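Q: Just so you know, we're using our numbering here: the sequence shown kicks off at 1 and counts up by one.
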Amino acid sequence: MSLFRSACFFKSVASLADAPASVGEIAFVGRSNTGKSSAINALTGSQLAFVSKTPGRTRLINYYALGGERFFVDLPGYGYARVPEATRAPWERLLGGYLQTRAPLCGLTVVMDVRQALTELDQRMLGWFRPTGKPVHVLLTKADKLSREAAQKILRRVEAELAVLAPNASVQLFSSLKRSGLEQAAAVLLGWLDARAPGALGVALGREPNENPRQDRGWRNKSPRAKRGNQPGAKCLKV
Ligand code: GDP
Numbered sequence: 001m002s003l004f005r006s007a008c009f010f011k012s013v014a015s016l017a018d019a020p021a022s023v024g025e026i027a028f029v030g031r032s033n034t035g036k037s038s039a040i041n042a043l044t045g046s047q048l049a050f051v052s053k054t055p056g057r058t059r060l061i062n063y064y065a066l067g068g069e070r071f072f073v074d075l076p077g078y079g080y081a082r083v084p085e086a087t088r089a090p091w092e093r094l095l096g097g098y099l100q101t102r103a104p105l106c107g108l109t110v111v112m113d114v115r116q117a118l119t120e121l122d123q124r125m126l127g128w129f130r131p132t133g134k135p136v137h138v139l140l141t142k143a144d145k146l147s148r149e150a151a152q153k154i155l156r157r158v159e160a161e162l163a164v165l166a167p168n169a170s171v172q173l174f175s176s177l178k179r180s181g182l183e184q185a186a187a188v189l190l191g192w193l194d195a196r197a198p199g200a201l202g203v204a205l206g207r208e209p210n211e212n213p214r215q216d217r218g219w220r221n222k223s224p225r226a227k228r229g230n231q232p233g234a235k236c237l238k239v
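(1) Helix, strand or coil for residue 20 per DSSP?
(2) Within 10 angstroms of the Cβ of residue 25, are there 16 or more other Cβ atoms? Answer buried if so, exposed if not.
(3) For residue 145 and residue 19, I'd like the C-alpha separation in whole angstroms.
(4) Quick check: the region 69 to 77 against the region 24 to 39, are at least 3 beta-carbon pairs closer than 8 angstroms?
(5) For residue 158 and residue 108, which I take to be in contact (beta-carbon distance under 8 angstroms), what is that distance rounded to the nearest angstrom?
(6) Can you round the beta-carbon distance between residue 106 and residue 196 to whole angstroms, since I take them to be within the 8 angstroms contact cut?
(7) Could you tell me the distance, in whole angstroms, from the CA atom of residue 9 to the CA atom of residue 147?
(8) Opposite residue 8 in the DSSP bridges: which residues?
(9) Are the region 135 to 145 and the region 165 to 172 touching, with three or more C-beta to C-beta distances below 8 angstroms?
(10) Per the DSSP calculation, residue 75 is bridged to which residue(s)?
(11) Which same chain residues, not among the five before or five after residue 30, have their C-beta less than 7 angstroms away from its C-beta?
(12) In chain order, what are the residue ranges of uninterrupted alpha helix (DSSP H) at least 4 long that sit wholly in the region 119 to 179?
(13) If we call anything under 8 angstroms between Cβ atoms a contact, is residue 155 one with residue 173?
(14) Using a threshold of 7 angstroms, is the CB atom of residue 60 nearer than that to any non-hydrogen atom of ligand 1?
(15) Near residue 123, what residues of its chain come up, given a Cβ to Cβ distance below 7 angstroms and the 5 sequence neighbours on each side ignored?
(16) Return yes when the C-beta of residue 155 is under 7 angstroms from any heavy atom of ligand 1, and no when it is not.
(17) What is the DSSP secondary structure of residue 60, reduced to helix, strand or coil?
In structure tokens:
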């Protein structure tokens with residue numbers, strides 16, 4: 001069962017001014033090809049994040065609604081060495097601006113391939129985020145590619161390095177392929193949402209906080225946003 005199974009694609013934004021009203025959101029970031037989309041899909045039990053890979057959306061911030069104005073936020077992958085400066089600069093401004101100023105952001109999930117953890121770019125990302133004082137959770141993905149012992153050794157090394165680089169960070173092994181580490185990751189993310197907006201645990205169960213569990217089906221249709229109809233972003237696409 002996916003804890004965030006009611007997640008659905010909400011909107012893509014190219015500027016912070018277009019970000020939706022939010023009571024709490026968790027961002028996912030990582031070098032391209034580390035398994036960020038797969039991790040989001042594993043956590044939500046959907047193919048949501050592949051929507052963000054469609055041409056034109058790869059440089060945008062993609063919002064996935066969890067219910068109750070809470071969101072997962074898929075940030076553009078970094079590490080495209082060949083991207084020209086003219087393209088990279090506005091994209092880094094968007095990313096940096098989002099990470100440093102977005103008030104509803106509760107915490108940051110940084111996705112790293114367990115075999116290439118804490119690259120220079122990862123460290124730069126953690127450095128950017130550190131002044132916010134907000135928590136970070138590192139997913140060391142593709143753990144299935146290593147033996148248990150080798151993965152544990154890297155986990156301990158990354159833990160030690162993070163203690164210096166990002167004291168607010170926790171870290172775990174993760175595999176979307178084997179679906180391992182899902183509960184541990186979900187517990188951390190739910191904890192952040194719940195600390196920011198008590199009742200978020202209800203979202204995990206697919207219902208609005210304080211809502212009668214007997215009436216919990218179809219919350220999307222009952223939301224004011226859904227009733228407003230055809231405004232941009234009003235549709236919550238389940239993919
Ligand atoms: P993104 O660019 O960071 O969003 O990465 P993707 O989620 O698209 O994954 C990149 C590649 O890694 C794809 O071929 C995935 O199938 C593969 N991949 C992602 N997660 C895992 C995992 O946990 N284990 C293994 N073995 N492969 C994975």
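A virtual CB, placed ideally from N, CA and C, is assigned to each residue, including glycine.
Just so we're clear, the structure is a prediction, and the values are computed from it rather than from any experiment.
A: For this structure:
(1) Residue 20 sits in coil when the DSSP states are folded into three classes, being neither helix nor strand.
(2) buried
(3) 37 angstroms
(4) yes
(5) With 8 angstroms as the limit, residue 158 and residue 108 do not qualify as a contact, their Cβ atoms being about 16 angstroms apart.
(6) 5 angstroms
(7) Residue 9 and residue 147: Cα-Cα distance of roughly 35 angstroms.
(8) Assignment of beta-bridge partners to residue 8 by DSSP yields 65.
(9) yes
(10) In DSSP, residue 75 forms no bridge with anything.
(11) 36, 77, 110, 111 and 112
(12) 120 to 129 and 148 to 165
(13) yes
(14) no
(15) 165
(16) no
(17) In the structure shown, residue 60 sits in coil (DSSP, three-state: anything other than H, G, I, E or B).
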